[in-house]
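For the sequence shown, the tail end lands on 197 under my numbering, and the numbers increase by one without skipping.
C-beta atoms are modelled at their ideal positions from N, C-alpha and C, and glycine is treated no differently.
Following: one structure in structure tokens, then a few remarks.
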Amino acid sequence: MAELANPLKRSLPDGTVPEREVARTEDHWALLMGTMLAVMMAIIVVTGVTNALHPPSNVETVEPTTLHLDGEFAESNLGTAAEPDGSVTVRMVAEQYAFVPNCAKVPVNTPVKFRLTSTDVIHGFLLATTNVNTMVVPGFVAEVRTTFDRPGVYQMPCHEFCGDGHHGMWARVQAVEKDAFPRMSPVERTSCEKQ
Numbered sequence: 003m004a005e006l007a008n009p010l011k012r013s014l015p016d017g018t019v020p021e022r023e024v025a026r027t028e029d030h031w032a033l034l035m036g037t038m039l040a041v042m043m044a045i046i047v048v049t050g051v052t053n054a055l056h057p058p059s060n061v062e063t064v065e066p067t068t069l070h071l072d073g074e075f076a077e078s079n080l081g082t083a084a085e086p087d088g089s090v091t092v093r094m095v096a097e098q099y100a101f102v103p104n105c106a107k108v109p110v111n112t113p114v115k116f117r118l119t120s121t122d123v124i125h126g127f128l129l130a131t132t133n134v135n136t137m138v139v140p141g142f143v144a145e146v147r148t149t150f151d152r153p154g155v156y157q158m159p160c161h162e163f164c165g166d167g168h169h170g171m172w173a174r175v176q177a178v179e180k181d182a183f184p185r186m187s188p189v190e191r192t193s194c195e196k197q
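As structure tokens, this is what we get:
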């Protein structure tokens, strides 16, 4: 009679899984979940260490204190330049609180490569309605590529806080018709003023 009073001691009806079987199955699932968690953590650690040693981005260094004197970012090399393969390269320097030059003209339907660096602090480089969005870090060259499919003026704000004048740090990219671009002088390519 005592057996019937305690519901835990009654015999199991057909189709009910015994407690030992349930415990064994739960142990297997716990082991499987633990193994999966360990594998995921190992992947995260290995990926983090590998990318810390070899960042997956374009890593070029430049001396920020002397970059304006010679080399790629000398003042005479800034702006838009046509490349032999038909593409265009825009070189700019970000500094508190301006992009130099503050305007770049590029042709539509042409591959454009932006190469930027900073002389002082971290800046942001963003071209709305395009795939261009990067950080510009002193001592490193940031490189991004895009193509403009229609003529127009694209605003280019600094989107990384860089100091008190950050809110006024804007530049522009003006996409012009492809046939008009080769006729422009280097000075015209860095000015968005009406000619």
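Asked, Found
"Euclidean distance between Cα positions of residue 119 and residue 67", "11 Å"
"Beta-carbon gap between residue 85 and residue 91 smaller than 8 Å", "yes"
"Straight-line gap, residue 151 to residue 70 (C-alpha atoms, nearest Å)", "32 Å"
"Between the CA atoms of residue 140 and residue 73 - distance to the nearest angstrom", "16 Å"
"Assigned secondary structure, residue 100 (DSSP; H/G/I helix, E/B strand, else coil)", "strand"
"Contact set for residue 136: own chain, Cβ-Cβ below 6 Å, skip 5 residues either direction", "127, 144 and 146"
"Exposure label - residue 125; buried when at least 16 CB within 10 Å", "buried"
"8 Å contact criterion, which residue 109 and residue 180 should meet: CB distance rounded", "4 Å"
"Own chain, CB closer than 8 Å to residue 167, minus 5 neighbours either side, in chain order", "98 and 99"
"6 Å Cβ shell around residue 177 - same chain, five flanking residues per side excluded", "108, 110, 150, 153 and 154"
"Cβ pair residue 88, residue 188 closer than 8 Å", "no"
"Spatial neighbours of residue 191 in its chain, beta-carbon cut-off 6 Å, leaving aside the 5 residues before and after", "81, 82 and 107"
"Residue range of the unbroken beta strand (DSSP E) whose run includes residue 76", "Where residue 76 is concerned, there is no enclosing beta strand (DSSP E), given that its DSSP letter is neither H nor E."
"Whole-number beta carbon distance between residue 61 and residue 75, since they are thought to touch under 8 Å", "Their Cβ separation, rounded to whole angstroms, is 16 Å, which puts residue 75 and residue 61 out of contact at 8 Å."
"Chain-order list of residues whose beta-carbon lies under 7 Å from that of residue 45 (same chain, five-residue window excluded)", "none"
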